[in-house]
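A.B. asks:
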Amino acid sequence: MSKSFSLESIVRPNILSLTPYRCARDDYGTGILLDANENSFGSVLQEEESLLVKDLHRYPDPNQVLIKERLISFRGLQSIDYLFLGVGSDEIIDLLMRIFCIPGKDKIIITPPTYGMYSVCANINDVQVIKVNLDVEDGRFQLKPDKISEALSENPSTKLVYLCSPGNPTGTCLSHTTIKAVLDDPNLKGVVVIDEAYIDFTEETEEASVAKWVEKYPNLIVMQTLSKSFGLAAIRLGIGIADPKIIRLMNNAKAPYNISALTSHVALNALSLQNIAKMRETACQIRAERAKLISSITSITGIGKILGANDANFILVQILDEACEKPNNKRANWIYKELAEHQGIVVRYRGNEFGCEGCLRITVGTPQENEKLLEKLSHLLKDTSVKST
Ligand SMILES: Cc1ncc(COP(=O)(O)O)c(C=O)c1O
1 MSKSFSLESI
11 VRPNILSLTP
21 YRCARDDYGT
31 GILLDANENS
41 FGSVLQEEES
51 LLVKDLHRYP
61 DPNQVLIKER
71 LISFRGLQSI
81 DYLFLGVGSD
91 EIIDLLMRIF
101 CIPGKDKIII
111 TPPTYGMYSV
121 CANINDVQVI
131 KVNLDVEDGR
141 FQLKPDKISE
151 ALSENPSTKL
161 VYLCSPGNPT
171 GTCLSHTTIK
181 AVLDDPNLKG
191 VVVIDEAYID
201 FTEETEEASV
211 AKWVEKYPNL
221 IVMQTLSKSF
231 GLAAIRLGIG
241 IADPKIIRLM
251 NNAKAPYNIS
261 ALTSHVALNA
271 LSLQNIAKMR
281 ETACQIRAER
291 AKLISSITSI
301 TGIGKILGAN
311 DANFILVQIL
321 DEACEKPNNK
331 RANWIYKELA
341 EHQGIVVRYR
351 GNEFGCEGCL
361 RITVGTPQEN
371 EKLLEKLSHL
381 LKDTSVKST
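Just so it is clear: in the sequence shown, position 385 is 385 by UniProt numbering, and no numbers are missing.
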């Protein structure tokens, strides 16, 4: 870890001196509860309408201890003090900016091509974004630690470095050596955020994840989510993993009851040993389907390379020009629109992202969905009337 790291010196002073919101329920949770202006007569719902979740007229647990206990044994962490729960990782991305970045003054670093929400949140919070592109040569999609170091040195007010592993849209795990280089960089005064939204789709999740590094790096925050591998995007549960000092700041700055009782009820079930095993099994099926999809899609004339290492539940595919020579944005965008507007298949056009010329990002679907996609795609690619210029 960089010797110059001092958490107190990089947190916004107003957050550091914050008196967090406290409710009587933080101290007393049982008895006749007349402290929070809830509806003592109960909710308007019948039992079957409340999806079997009890006590919907009560505010939920602000600390969500039960979920955190399941998460630490699942991820092999030491204590629940290393965990924060948010309304999806998207809440965490935003919360960290509000904790660390003074609007109009502080900066973040991102490494394009990367997940779009880092910039969106920065713009909302009036935080400047410094871009240090990944090494995109041959679809490698790896960090350039020297360039990040230079950017840190030129921008000493950089508070957060957002890295994504496996990346979106790159589908590629970042090498641990380069992540270490950034964490240990003497120019780094701020915190490194590793977004592991897709980590369970990697072949060797335990080795690929850097979640346990938080026990030795106080300047590291890892984000995970139940939205992808657990298939629970609708419940909105994101996980922040970091040194307890950072977690304390996050808890102080969050809305008191950010995780709803409905969400925690579902999340607790999802994190049972049986359902974790099911998640792993599904991730394995998705990997097998991904391999089949790659092998079929690359045999279609008009498809170029699959970029990246394919560590996630999607692939990044090049669409070539009509001469099948070079990746081409115009044709990729045309295919994207045709698929969505006339074939009922929605993929993501990523051609305008750095290093993703002519690319579509395609989520691995069910075998039937993939079959349909391949059929429509090969049909559309036979149409060479769409010029690439
Ligand atoms: C890299 C990455 N991080 C975070 C998210 C958002 O996750 P959540 O649903 O937990 O907010 C996404 C969603 O697509 C993503 O691709």
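Heads up, the beta-carbon is just placed ideally off N, CA and C, and yes, glycines get one too.
So what does Ala242 bridge to, in DSSP terms?
C.D. replies: Per DSSP, Ile221.
A.B. asks: Please give me, in chain order, every unbroken run of the beta strand (DSSP E) with length at least 3 that falls completely inside the segment 157–198.
C.D. replies: If we require 3 residues or more, the beta strand (DSSP E) runs fully inside the segment 157–198 come out as 158–164 and 191–195.
A.B. asks: Specify the secondary structure class of Pro367 as computed by DSSP and reduced to three states.
C.D. replies: Pro367 falls in the helix class under three-state DSSP.
A.B. asks: Pull up the distance between the alpha-carbon of Met117 and that of Ser40, whole angstroms please.
C.D. replies: Those two C-alpha atoms are separated by around 40 Å.
A.B. asks: How many Å lie between Ala242 and His342 at the Cα?
C.D. replies: Whole-angstrom Cα-Cα distance: 46 Å.
A.B. asks: So for Pro113, helix, strand or coil by DSSP?
C.D. replies: Correct three-state label for Pro113: coil.
A.B. asks: Rounded to a whole number of angstroms, what is the C-alpha to C-alpha distance between Gly86 and Leu237?
C.D. replies: Their Cα atoms are separated by approximately 6 Å.
A.B. asks: Rounded to a whole number of angstroms, what is the C-alpha to C-alpha distance between Leu134 and Met223?
C.D. replies: About 20 Å.
A.B. asks: Mind pulling the beta strand (DSSP E) runs of 3 or more residues that sit fully within the segment 62–145?
C.D. replies: Listed in chain order, they are 83–86, 107–110 and 128–131.
A.B. asks: Less than 8 Å between the CB atoms is what I'm expecting for Leu382 and Ile345, so what's the real figure, rounded?
C.D. replies: The sequence given here has Lys at residue 382, not Leu. The Cβ separation is near 16 Å, so there is no contact.
A.B. asks: Measuring only the C-alpha atoms, how far is Cys121 from Pro166?
C.D. replies: Answer to the nearest angstrom: the Cα atoms are 20 Å apart.
A.B. asks: Between which two residues does the alpha helix (DSSP H) containing Leu7 stretch?
C.D. replies: Element bounds for Leu7: Leu7 to Ile10.
A.B. asks: Does any heavy atom of ligand 1 sit closer than 6 Å to the C-beta of Thr202?
C.D. replies: Checking every heavy atom of ligand 1 against the Cβ of Thr202, none is found closer than 6 Å.
A.B. asks: If you follow the alpha helix (DSSP H) that Asn266 is part of, which residue opens it and which one closes it?
C.D. replies: The amino acid at residue 266 is misidentified as Asn; the sequence shows Val. First-last of the alpha helix (DSSP H) with Val266: Ala261 to Ala270.
A.B. asks: So what's Tyr21 in DSSP terms, helix, strand or just coil?
C.D. replies: Three-state result, Tyr21: coil.
A.B. asks: Just verifying my parser: in three-state terms, what is the DSSP assignment at Leu316?
C.D. replies: DSSP places Leu316 in strand when its eight states are reduced to three.
A.B. asks: Would you list the residues sitting across from Ile300 in a DSSP beta bridge?
C.D. replies: In DSSP, Ile300 forms no bridge with anything.
A.B. asks: What residues in its chain sit with their C-beta under 8 Å from that of Ile247, if we drop five residues either side in the sequence?
C.D. replies: Here the set comprises Asp81, Tyr82, Leu83, Phe84 and Gly240.
A.B. asks: Using 6 Å as the cut-off, classify the Cβ of Arg267 as near or not near the heavy atoms of ligand 1, replying yes or no.
C.D. replies: The sequence given here places Ala at residue 267; Arg does not occur at that position. Incorrect: Ala267 has no Cβ contact closer than 6 Å to ligand 1.
A.B. asks: Using a Cβ-based criterion (distance less than 6 Å to any ligand heavy atom), does Ser227 qualify as near ligand 1?
C.D. replies: Within the cutoff, so yes.
A.B. asks: Can we count Ser89 as close to ligand 1, meaning its CB is less than 6 Å from some heavy atom?
C.D. replies: Within the cutoff, so yes.
A.B. asks: Going by C-alpha to C-alpha distance, which of Ala255, Arg22 and Asp55 sits closest to Leu262?
C.D. replies: Of Ala255, Arg22 and Asp55, the residue nearest in Cα terms is Asp55.
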